[in-house]
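**Student:** First the structure, then my questions, so here it is.
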Amino acid sequence: MFKGKVPSTHHATDATWSKWIALITQRARIGNPNRPGILEIITNWPEGENFGLTDEEEQEQVTRAEEAPPYNQLPAEETRYALFTDGSCRIVGMNRKWKAAVRSPTRQVAQATEGAGGSSQLAELKAVQLALDTAEREKWPKLYLYTDSWMVANVLWGWLDRWKKASWQRRGKPIWAADEWKDIATRVEKLPVKVRHVDAHVPKSGANEEHRNNEQVDQAAKIEVSKIDLD
């Protein structure tokens, strides 16, 4: 991978290219297929934030949310506890607006909440909070959370526990969206949550039930006004 020398007339340019090649090679390495790759890092990371882990942090043993099974593999009696989540952000007039949604496949209904400012990533967090609201209000014994956000999946799979142990800081600075993550952390300690990442925008020809449910919650999270898409 990445064989040969990058054309350059300046040593500083060589060094910069070397760093990028090293980063891409590292992030594209083969591993568990249900984990993030370089595409997620480039296209769906909170603005200006570095959530990457050091080698020491990757080796640290932490408490993790379990990975949920594919939706179509859930026992029939368990599907009532499954929710699909999504979030979006758009410019409405001169202002940003976010919208978060959750959808229950068994009830065929969606719920949504929205607010001013924020980003698509913040909306994804709000969707998780909305899912927890539903599970708590209805006194569910567990929650199966399906999301197309690698950020959400990875945080619940282990990063959340690391941040809590580090007093909600990363390299001496407060983590992004600390208030939302603290709220989520408190609530998932009381409610067993299993999380699964779902591929987004799968062509209809290759979509299964899980993908279709994800597409429906994606539509529920859309802000249906004249807008400029920030996703």
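Quick note on my numbering: the sequence shown kicks off at 872 and runs consecutively.
From the three backbone atoms N, C-alpha and C, an ideal C-beta is built for every residue, glycine too.
Tell me Asn966's beta-bridge partners as DSSP assigns them.
**Tutor:** Val963
**Student:** Measuring only between beta-carbons, confirm whether Gln1087 sits less than 7 Å from chain B.
**Tutor:** Protein chains in the displayed structure number just one, and chain B is not present.
**Student:** Measure the C-alpha to C-alpha separation of Gly1029 and Ile1055 and round it to an integer number of angstroms.
**Tutor:** Between the alpha carbons of Gly1029 and Ile1055 lies a gap of roughly 13 Å.
**Student:** Would you say Trp1039 and Ala1048 are within 7 Å of each other, going by their C-beta atoms?
**Tutor:** no
**Student:** How big is the Cα-Cα spacing for Tyr942 and Arg978?
**Tutor:** 15 Å
**Student:** The alpha helix (DSSP H) with Leu1003 in it runs from where to where?
**Tutor:** Ser991 to Arg1008
**Student:** Between which two residues does the alpha helix (DSSP H) holding Leu1031 run?
**Tutor:** Residues Leu1031 to Lys1036.
**Student:** Here's a check: name, in chain order, each residue in its chain whose Cβ is nearer than 6 Å to the Cβ of Ala1092, leaving out the five neighbours to either side.
**Tutor:** Within its own chain, the residues whose Cβ lies closer than 6 Å to the Cβ of Ala1092, once the five positions on either side in sequence are excluded, are Asp957, Gly958, Ser959, Lys970 and Ala972, listed in chain order.
**Student:** For Val1088, which three-state DSSP category applies?
**Tutor:** helix
**Student:** Going by CA-CA distance only, name the one from Lys1044, Ser1020, Leu1014 and Ser975 that's closest to Ala939.
**Tutor:** Leu1014
**Student:** What does the Cβ neighbour count give for Ile913, buried or exposed, with the cut at 16 atoms within 10 Å?
**Tutor:** With a pLDDT of only 36 at Ile913, under the threshold of 50, the placement of this residue in the model should not be trusted; the figure read from the coordinates follows. Exposed, by the Cβ-count rule.
**Student:** By the DSSP assignment, the beta strand (DSSP E) with Ala987 in it spans what residues?
**Tutor:** Val980 to Ala987
**Student:** What does DSSP give as the partner residue(s) for Thr956 in the beta ladder?
**Tutor:** Val973 and Thr1018
**Student:** Three or more C-beta pairs closer than 8 Å, one from the stretch 1067-1077 and one from the stretch 1004-1018: is that the case here?
**Tutor:** yes
**Student:** Using DSSP with H/G/I as helix, E/B as strand and the rest coil, what is Asn943?
**Tutor:** Note: Asn943 maps to helix in three-state DSSP.
**Student:** Give the range of the beta strand (DSSP E) segment to which Arg1067 is assigned.
**Tutor:** Val1064 to His1068
**Student:** Any idea which residues DSSP pairs Lys1044 with across the strands?
**Tutor:** DSSP, once it has assigned bridges, lists Arg1041 as partnering Lys1044.
**Student:** In the DSSP output, what is Glu937 paired with across the bridge?
**Tutor:** Lys1065
**Student:** Within 10 Å of its beta-carbon, does Leu910 have 16 or more other beta-carbons around it, so buried, or fewer, so exposed?
**Tutor:** Residue confidence for Leu910 is low, a pLDDT of 38 falling below 50, so the modelled location carries little weight; the figure read from the coordinates is stated next. Exposure of Leu910 is indicated by the presence of fewer than 16 other C-beta atoms within 10 angstroms of its C-beta.
**Student:** Out of Arg967, Gly989, Gln982 and Ile962, point me to the one whose CA is closest to Gln1090's CA.
**Tutor:** Taking Gln1090 as reference, the option from Arg967, Gly989, Gln982 and Ile962 with the minimal CA-CA separation is Gln982.
**Student:** Between Ile901 and the rest of its own chain, which residues show a CB-CB distance below 8 Å, the 5 nearest in sequence each way excluded?
**Tutor:** Residue placement at Ile901 is flagged as unreliable, the pLDDT there being 38, under the threshold of 50; the coordinate-derived value follows with that caveat. Cβ within range, chain order: n/a, list empty.
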